[in-house]
Amino acid sequence: MSNEAPDPSRRRFLTGAATVVGGVGVVFAAVPFLGFLRPNVEARAMGEPVEVDVGRIDPGQRLTFEWKGSPIWVIGRSDEHIESLKSDELRGRLRDPDSERDQQPDYVDPQLRSVSPEVFVVIPICTHLGCIPIFYPEMRAQSFDDDWRGGHFCACHGSMFDMAGRVYRGVPAPTNLEIPPHRFAEDGAKLVIGEDPDDAEEGAA
Ligand code: FES
């Protein structure tokens with residue numbers, strides 16, 4: 001992954017491919033920024049795992065999918081984002097920097113909150129009253145924060161979350177954003193949402 005700061009002009013808006021695991025159906029689609037890829041209505045309702053193509057995601061890019069009736073964001077993070085997530089400056093501004101509350105699978109890194117540092121997977125539903133936050137990957141001052149390091153801003157009541165979905169102190173949202181079960185396949189080219197890494201190992205045994 002590049003260590004350049006995210007460049008909004010380079011961001012590709014939500015082009016992706018989704019496959020329901022087990023061969024139930026395949027959909028390839030380009031969708032608008034706030035749309036969801038809909039792999040299969042029946043499988044989605046049942047909560048079956050969904051396999052998506054993430055092989056070419058760039059830092060600062062966001063793909064949107066749907067799993068179990070919830071939106072899922074898959075976000076590319078730069079080296080700068082990753083360094084910032086571990087910094088004392090940012091950690092000091094967060095309510096739960098080490099993810100001690102039960103909002104993520106136990107196999108994800110507690111600071112980066114993902115299986116892969118470069119690819120972040122999150123359910124983007126604000127933990128205050130359920131609005132969908134706005135994605136601001138740029139690491140520069142914003143109207144709502146002078147020292148913004150990238151992340152998500154909920155315009156409903158002003159909650160802020162970092163690029164790992166960790167909530168800031170002093171905002172209405174009580175907890176970090178939720179992380180769904182997920183694992184990578186095909187050397188990182190595919191992401192399976194709704195399955196733990198152990199599921200693949202058991203299937204191969
Ligand atoms: S719903 Fe997000 S801050 Fe209230």
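Every letter in the sequence shown is one number past the one before it in my numbering, and letter 5, counting from 1, is 5.
Note that the Cβ used here is the ideal one computed from N, Cα and C, for glycine as well.
Asked: Helix, strand or coil for residue 95? Go by DSSP, reduced to three states.; Found: coil
Asked: Please return the same chain residues whose Cβ sits closer than 6 Å to the Cβ of residue 95, not counting the five positions on each side in sequence.; Found: 167, 169
Asked: Bridge partners for residue 160 per DSSP, in chain order?; Found: 153
Asked: Whole angstroms is fine: what's the gap from residue 196's alpha carbon to residue 116's?; Found: 13 Å
Asked: Drop a sphere of 10 angstroms on the beta-carbon of residue 186, count the other beta-carbons inside from all chains shown, and report buried for 16 or more, exposed for fewer.; Found: exposed
Asked: Determine the extent of the beta strand (DSSP E) in which residue 66 is found, giving its start and end residues.; Found: 62–67
Asked: Could you have a look at residue 188 and say whether DSSP puts it in helix, strand or coil?; Found: helix
Asked: Looking at the strands, I want to know which residues DSSP matches up with residue 178.; Found: 123
Asked: Based on the DSSP secondary-structure assignment, which residues constitute the bridge partners of residue 53?; Found: 190
Asked: Apart from the five residues on each side of it in sequence, which residues of its chain come closer than 6 Å, Cβ to Cβ, to residue 156?; Found: 131
Asked: Roughly how many angstroms lie between the CA atoms of residue 135 and residue 151, to the nearest whole one?; Found: 6 Å
Asked: I want to check one thing, is the minimum distance from the CB of residue 164 to the heavy atoms of the ligand FES below 7 Å?; Found: no
Asked: Can you name the start and end residues of the alpha helix (DSSP H) that residue 82 belongs to?; Found: 79–85
Asked: Could you give the DSSP three-state label for residue 26: helix, strand or coil?; Found: Any reading at residue 26 must be qualified, since the residue scores a pLDDT of 28, below 50, and its modelled position is unreliable; no value is offered.
Asked: So who's on the other strand from residue 134, going by DSSP bridges?; Found: 153
Asked: Do you know how far the Cα of residue 175 is from the Cα of residue 188?; Found: 29 Å
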